[in-house]
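Note sheet for the following structure.
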Amino acid sequence: MDMSLLAHRTSAIINAEAHELRPALNGFLLFVCLFAGYFMLRPIRESMGITAGVENLQWLFTATFFIMLAAVPLFAWLSARVPRLHFVDWVYGFFCANLLVFAALFLGEESPWLARVFYVWISVYNLFVVSVAWSLMADVFDSAQAKRLFAFIAAGASVGGLSGPALSALLIGPLGESGLMLLAAVLLGAAMLFKRQLMHWRERGGAGRPDAAPSESPRRPLPGNPFSGMTAVLKSPYLLGICSFVVLLATVSTFLYFEQARVVAEHFPDREAQVRVFGIIDFVVQAGALLCQLFITGRLAQRLGVGVLLAMVPLIMCAGFIGLIFAPSFGLIAALMIVRRIGEYAFVRPGREMLFAPLDAESKYKAKNVIDTVVYRAGDAISAWAKSALDALGQGAGMAALVGALCALLWGLLGWRLGERADRRSSVSAARQTPAWRSRGIERADE
4 MDMSLLAHRT
14 SAIINAEAHE
24 LRPALNGFLL
34 FVCLFAGYFM
44 LRPIRESMGI
54 TAGVENLQWL
64 FTATFFIMLA
74 AVPLFAWLSA
84 RVPRLHFVDW
94 VYGFFCANLL
104 VFAALFLGEE
114 SPWLARVFYV
124 WISVYNLFVV
134 SVAWSLMADV
144 FDSAQAKRLF
154 AFIAAGASVG
164 GLSGPALSAL
174 LIGPLGESGL
184 MLLAAVLLGA
194 AMLFKRQLMH
204 WRERGGAGRP
214 DAAPSESPRR
224 PLPGNPFSGM
234 TAVLKSPYLL
244 GICSFVVLLA
254 TVSTFLYFEQ
264 ARVVAEHFPD
274 REAQVRVFGI
284 IDFVVQAGAL
294 LCQLFITGRL
304 AQRLGVGVLL
314 AMVPLIMCAG
324 FIGLIFAPSF
334 GLIAALMIVR
344 RIGEYAFVRP
354 GREMLFAPLD
364 AESKYKAKNV
374 IDTVVYRAGD
384 AISAWAKSAL
394 DALGQGAGMA
404 ALVGALCALL
414 WGLLGWRLGE
424 RADRRSSVSA
434 ARQTPAWRSR
444 GIERADE
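Its first residue numbered 4, the sequence shown is counted upward by one per residue in this note's numbering.
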């Protein structure tokens, strides 16, 4: 087949224009590398959580939150000194070094404390590397490109999520946990190569092209101090709305996660069996998410708007929680967990990242990182303690399901409102992309 014809057909399938095919593929492959590495390690994390004690999970969630709280000012400090062109390299290089250290530690004798440290660290690692990757995508692509391409780029996460659990299940025997960590470090290094290609294309065909909305140069560090991301969030009703959306998302996720951990611990006491069970669940989730991302998400966002992406999954979860009130069972909990994660990867996460595409660089990197890390983990910690309190009071699954249903309903309503506002911002931004627009500045989060 002629290569130009193949490129044309591929562009049509992924909803890209001809000149966007290569950067879209670079973004796709970057997420393949990130998520293949993470999902190789995720089953190890889940088994470490059980090793550390299911009854201690709320403490691990709380520790993760405080580590995030300390790390975000350092992240902002680094972004104020390193140009955006090289910022991702510094962050990913740091986490590569961390992976090498853990690979060495896991060659020795394991302990509950090593399990707890790794559980907390990988929770921090996952949010930071993924948050930075989406900041990069929001920086490289403009709002219109984001609506068309983010679903396909997110499909790279699903492909990585499919290959990661499969690799984990196949290689945990011959390579062991240390070998999987080394392989994850290699994949993280490969992601840096795709990042460089994306930043190069940004100036020619992306958000930095001559006829696009004015944007800050990626060759200069971001302005502000180590706490400017937090202050930007507090000053912006729009960003505070996204914070509330993320907290509600985390609450629904945490309630289901605790039930999953409890049930797996009861049914699969063997460590290797736990790793395989979590790997199978991850494989099913990523396969379902991939199909939705390739054929549904992008076209849905274009035709019906971002609000539909953000409201659809929460409303399904609300119905599922109501079902748990009347007919609680392991099968329904497992089905809800799978549906929630497919929906988050295929619809909620791409839609959430589209909310940042019209904003300035400081909002895309600093404020977004605060929301993706500190706010998300705060939601995790608060909801973890709330779930533990309900269990301690002997309220059982029924009360937890009722609280989950109410949170999911609020989550869906807020997602609809935020999506509508993002669509209006994108329309205004597109209308302003004329020579006369250039004197009017950049769309800021607090406008």
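Ideal Cβ placement from N, Cα and C applies to all residues, glycine included.
Could you give the DSSP three-state label for residue i: helix, strand or coil?
{"i": "Ile175", "result": "coil"}
{"i": "Gly444", "result": "In this prediction, Gly444 has a pLDDT of 42, which is less than 50 and means its spatial position is unreliable; nothing more can be read from the coordinates."}
{"i": "Val85", "result": "coil"}
{"i": "Glu356", "result": "helix"}
{"i": "Leu393", "result": "helix"}
{"i": "Phe97", "result": "helix"}
{"i": "Pro272", "result": "coil"}
{"i": "Ala330", "result": "coil"}
{"i": "Pro361", "result": "coil"}
{"i": "Glu112", "result": "coil"}
{"i": "Arg212", "result": "coil"}
{"i": "Phe144", "result": "coil"}
{"i": "Gly167", "result": "helix"}
{"i": "Ala194", "result": "helix"}
{"i": "Ser50", "result": "helix"}
{"i": "Ser225", "result": "In the sequence as displayed, the identity of residue 225 is Leu instead of Ser. Here Leu225 sits in coil by DSSP."}
{"i": "Ser239", "result": "coil"}
{"i": "Phe230", "result": "coil"}
{"i": "Gly308", "result": "coil"}
{"i": "Glu19", "result": "Note on residue identity: the sequence assigns Ala, not Glu, to residue 19. The answer is coil: DSSP assigns Ala19 none of H, G, I, E or B."}
Hey, residue i and residue j: beta-carbon distance below 8 Å or not?
{"i": "Ala425", "j": "Thr300", "result": "no"}
{"i": "Ala384", "j": "Phe68", "result": "yes"}
{"i": "Leu33", "j": "Phe144", "result": "no"}
{"i": "Leu293", "j": "Ser166", "result": "no"}
{"i": "Phe258", "j": "Pro168", "result": "no"}
{"i": "Pro86", "j": "Leu201", "result": "no"}
{"i": "Gly163", "j": "Val288", "result": "no"}
{"i": "Ala157", "j": "Tyr379", "result": "no"}
{"i": "Leu413", "j": "Leu251", "result": "yes"}
{"i": "Ala242", "j": "Ala235", "result": "For the record, residue 242 in the displayed sequence is Leu; it is not Ala. Their beta carbons are under 8 Å apart, which means Leu242 touches Ala235 by this criterion."}
{"i": "Pro317", "j": "Gly415", "result": "yes"}
{"i": "Ile47", "j": "Glu180", "result": "yes"}
{"i": "Phe131", "j": "Val189", "result": "no"}
{"i": "Phe64", "j": "Ala338", "result": "no"}
{"i": "Leu225", "j": "Ser82", "result": "yes"}
{"i": "Ala106", "j": "Phe230", "result": "no"}
{"i": "Pro361", "j": "Arg428", "result": "yes"}
{"i": "Ile345", "j": "Gly291", "result": "yes"}
{"i": "Glu206", "j": "Arg199", "result": "no"}
Measure the C-alpha to C-alpha separation of residue i and residue j and round it to an integer number of angstroms.
{"i": "Val351", "j": "Lys367", "result": "17 Å"}
{"i": "Leu405", "j": "Asp363", "result": "39 Å"}
{"i": "Tyr128", "j": "Ile328", "result": "35 Å"}
{"i": "Val35", "j": "Ser239", "result": "33 Å"}
{"i": "Met195", "j": "Gly182", "result": "21 Å"}
{"i": "Leu472", "j": "Phe31", "result": "Past the boundaries of the shown model lies residue 472; the chain is included only from 4 to 450, so the question cannot be answered."}
{"i": "Val311", "j": "Leu421", "result": "10 Å"}
{"i": "Tyr260", "j": "Leu396", "result": "19 Å"}
{"i": "Ala39", "j": "Leu103", "result": "17 Å"}
{"i": "Ala264", "j": "Ile341", "result": "14 Å"}
{"i": "Leu152", "j": "His11", "result": "15 Å"}
{"i": "Ala276", "j": "Gly208", "result": "48 Å"}
{"i": "Phe90", "j": "Arg84", "result": "9 Å"}
{"i": "Ala439", "j": "Leu335", "result": "Unreliable positioning characterises Ala439 in this predicted model, as indicated by a pLDDT of 39, which lies under 50. A coordinate reading is not provided."}
{"i": "Trp124", "j": "Leu8", "result": "46 Å"}
{"i": "Ser134", "j": "Ile245", "result": "14 Å"}
{"i": "Ala370", "j": "Met71", "result": "14 Å"}
{"i": "Met184", "j": "Ser114", "result": "18 Å"}
{"i": "Val309", "j": "Ser50", "result": "36 Å"}
{"i": "Trp62", "j": "Leu393", "result": "16 Å"}
{"i": "Phe109", "j": "Leu117", "result": "8 Å"}
{"i": "Met233", "j": "Ala66", "result": "20 Å"}
{"i": "His22", "j": "Asp92", "result": "26 Å"}
{"i": "Ser126", "j": "Gln148", "result": "30 Å"}
{"i": "Glu269", "j": "Phe281", "result": "14 Å"}
{"i": "Gly96", "j": "Met402", "result": "44 Å"}
{"i": "Trp204", "j": "Leu186", "result": "28 Å"}
{"i": "Leu191", "j": "Pro272", "result": "32 Å"}
{"i": "Val255", "j": "Leu88", "result": "36 Å"}
With three or more C-beta pairs closer than 8 Å as the rule, is the segment 361-375 touching the segment 286-300?
The segment 286-300 makes no contact with the segment 361-375: fewer than 3 CB pairs, one atom from each, lie closer than 8 Å.
Within 8 Å, do at least three Cβ pairs link the segment 135-144 to the segment 12-21?
no
Given 8 Å, three or more beta-carbon pairs between the segment 342-361 and the segment 302-317:
yes
Would the segment 36-43 count as touching the segment 168-176 if we require 3 or more Cβ pairs under 8 Å?
Note that the segment 36-43 touches the segment 168-176; at least 3 beta-carbon pairs, one per stretch, sit closer than 8 Å.
Validate contact between the segment 406-424 and the segment 320-327 using beta carbons, cut 8 Å, 3 pairs
Yes, the segment 406-424 is in contact with the segment 320-327.
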